[in-house]
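Visitor: Sharing a structure below in structure tokens format, with a few things to ask.
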Amino acid sequence: MIISYIIGGLGNQMFQYAAGRALSLRHKQPLLLDISGFAHYSLHQGFELPRVFSCPVTIASTKDVQNVLGWQAYPLIKRHLSSPRWAMLRGDNFIVEPHFQYWTGISQVPQKAYLTGYWQSECYFQAISDVIRADFTFKLPLNEKNAEIAQQISQVNAVSLHIRRGDYVQNPIALATHGLCTLDYYKTAIQTIAESVEQPQFFIFSDDIAWVKANLILPYPCHYIAHNQGAESYNDMRLMSLCQHHIIANSSFSWWGAWLNPSPTKIVIAPKQWFADDKNVGDLLPHSWITL
């Protein structure tokens, strides 16, 4: 049995699911998801995976977690043991992501394990990428407005462009952790795309479209997408994935919007500076993606 602890926004949930799914298939074990962290979690849209995608989801019960972790399953103990300072007390079945870059020790994880971390690297699930793409098939049909945009995307050389501000601007902790992609990054990325893509049209996704319109002037046709909000915000990722090329923000949301596009000829441009500090993010971005 593999249990993956799920928390955060949709992009984070997808990484945590994908890492657990790959490990469960490698060991021929069932994958269960521990969503207990959402009981008092007020950010984003809560646990979204089964509502948005066709992925198989089995929720881990308290008994399931205890079956894997034993005495470590008690919430207070589990929280303390997740800290690096108590790592020496963890059992072999309690797997805490040790650092942000890809951890090669994942290959040594036992068949009965509890995973907690963000696991933000394609390396964890690259071997089963077809399975992950199938699992992350969007479940519901597009509404009329999104279907119209999807039709527009299919008829042009569409480039998704994601500018995330929202919590990155309003939350001091988020800003200090992530920072913001600069206008220079976007301008350089747009120029890079324009040098390789004939007659590009940009489909711009942002939680602050008014700021984008006032500060980023593009000499190319633009379409501003701002209507997918709240529980419908996942549809922005869906529309991103339909574009031919991508300029992403330092956001797991647009990372997945670009990754879900299966085209081998896609151009994906990502920010080299993913966090405000100098954290090693070398394994976060697939090697074919361009960093600026």
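Quick note on the numbering used here: the sequence shown kicks off at 1 and runs consecutively. Every residue gets a Cβ at the ideal spot worked out from N, C-alpha and C, and that includes glycine. All figures in this text were calculated on a predicted structure; none of them were measured in a lab.
DSSP beta-bridge partners for N132?
Guide: Note that residue 132 corresponds to Ile in the displayed sequence, not to Asn. Its beta-bridge partners do not exist; DSSP assigns none.
Visitor: What three-state label does DSSP hand A276 in the structure shown?
Guide: Reduced to three states, the DSSP call for A276 is coil.
Visitor: Spell out a yes or no on whether the region 265-283 and the region 22-33 are touching, meaning 3 or more CB-CB pairs, one atom from each, closer than 8 angstroms.
Guide: Not touching, per the Cβ criterion.
Visitor: In angstroms, rounded to a whole number, what distance separates the CA positions of A147 and I153?
Guide: When rounded, the distance between both Cα atoms is 10 angstroms.
Visitor: Using only alpha-carbon positions, find the residue among I190, V156, L140 that is nearest to R238.
Guide: Cα-wise, what sits closest to R238 is L140.
Visitor: From this set, D135, S196, A39, which residue's C-alpha is nearest A18's C-alpha?
Guide: Measuring from the Cα of A18, the nearest candidate turns out to be D135.
Visitor: Using DSSP bridges, identify the partner residues of V159.
Guide: Paired residue(s): F202, H245.
Visitor: With distances taken from CA atoms, which of H80, V156, C181, F94 is nearest A113?
Guide: Taking only the C-alpha atoms, the option nearest A113 is F94.
Visitor: Span of the alpha helix (DSSP H) holding D34?
Guide: D34 -> not in any alpha helix (DSSP H); beta strand (DSSP E) instead, spanning 31-34.
Visitor: Identify, in the order they occur along the chain, each residue of the same chain with its Cβ nearer than 7 angstroms to the Cβ of V109, setting aside the five sequence neighbours on each side.
Guide: So the qualifying residues of the chain are L23, I95.
Visitor: Classify S61 as buried or exposed, calling it buried when 16 or more other Cβ atoms lie within 10 Å of its own Cβ.
Guide: Exposed, because fewer than 16 other Cβ atoms sit within 10 Å of the Cβ of S61.
Visitor: Between the Cα of A158 and the Cα atoms of S42, E122, Q244, which residue gives the shortest distance?
Guide: When only C-alpha atoms are compared, the closest one is Q244.
Visitor: Tell me the DSSP bridge mates of V227?
Guide: Checking the sequence, you will find His at residue 227 rather than Val. Answer by DSSP bridge pairing: none, since H227 is not bridged.
Visitor: Could you tell me if A258 is buried or exposed, where buried requires 16 or more neighbouring beta carbons within 10 angstroms of its beta carbon?
Guide: It counts as buried.
Visitor: Closer than 8 angstroms is the cut-off here; do at least three beta carbon pairs connect the region 183-203 with the region 212-220?
Guide: Touching, yes.
Visitor: Roughly how many angstroms lie between the CA atoms of K78 and E48, to the nearest whole one?
Guide: Their Cα atoms are separated by approximately 24 angstroms.
Visitor: Count the CB pairs spanning the region 96-106 and the region 116-129 that are closer than 8 angstroms, and state whether there are at least three.
Guide: Yes: the two stretches touch, three or more of their Cβ pairs being nearer than 8 angstroms.
Visitor: What do you reckon, are the CB atoms on P221 and Q191 nearer than 7 angstroms?
Guide: Cβ distance not < 7 angstroms, so P221 and Q191 don't count as in contact.
Visitor: Are N12 and S252 close, meaning C-beta to C-beta below 7 angstroms?
Guide: Going by C-beta atoms, N12 is nearer than 7 angstroms to S252.
Visitor: Identify every residue that forms a DSSP beta bridge with Y114.
Guide: Paired residues: I3, F94.
Visitor: When you compare only the Cα positions, how much space is there between W211 and I6?
Guide: Taking the straight line from one Cα to the other gives about 32 angstroms.
Visitor: What would DSSP say about F47, mapped onto helix, strand or coil?
Guide: Coil.
Visitor: Among the residues of its own chain, which have a CB less than 6 angstroms from the CB of I247, if the five just before and after it don't count?
Guide: Excluding positions up to five away in sequence, the list reads L161, A189, I269.
Visitor: Exposed or buried, what is N143 when buried is set at 16 or more other beta-carbons lying within 10 Å of its beta-carbon?
Guide: Exposed, since its Cβ has fewer than 16 Cβ neighbours within 10 Å.
Visitor: Assuming G91 and G70 are in contact, meaning their beta carbons sit under 8 angstroms apart, how far apart are those beta carbons, in whole angstroms?
Guide: So it is a contact: roughly 7 angstroms between Cβ atoms.
Visitor: Compute the distance between the beta-carbons of V65 and D34, then report whether it is under 7 angstroms.
Guide: Result yes, Cβ atoms of V65 and D34 sit closer than 7 angstroms.
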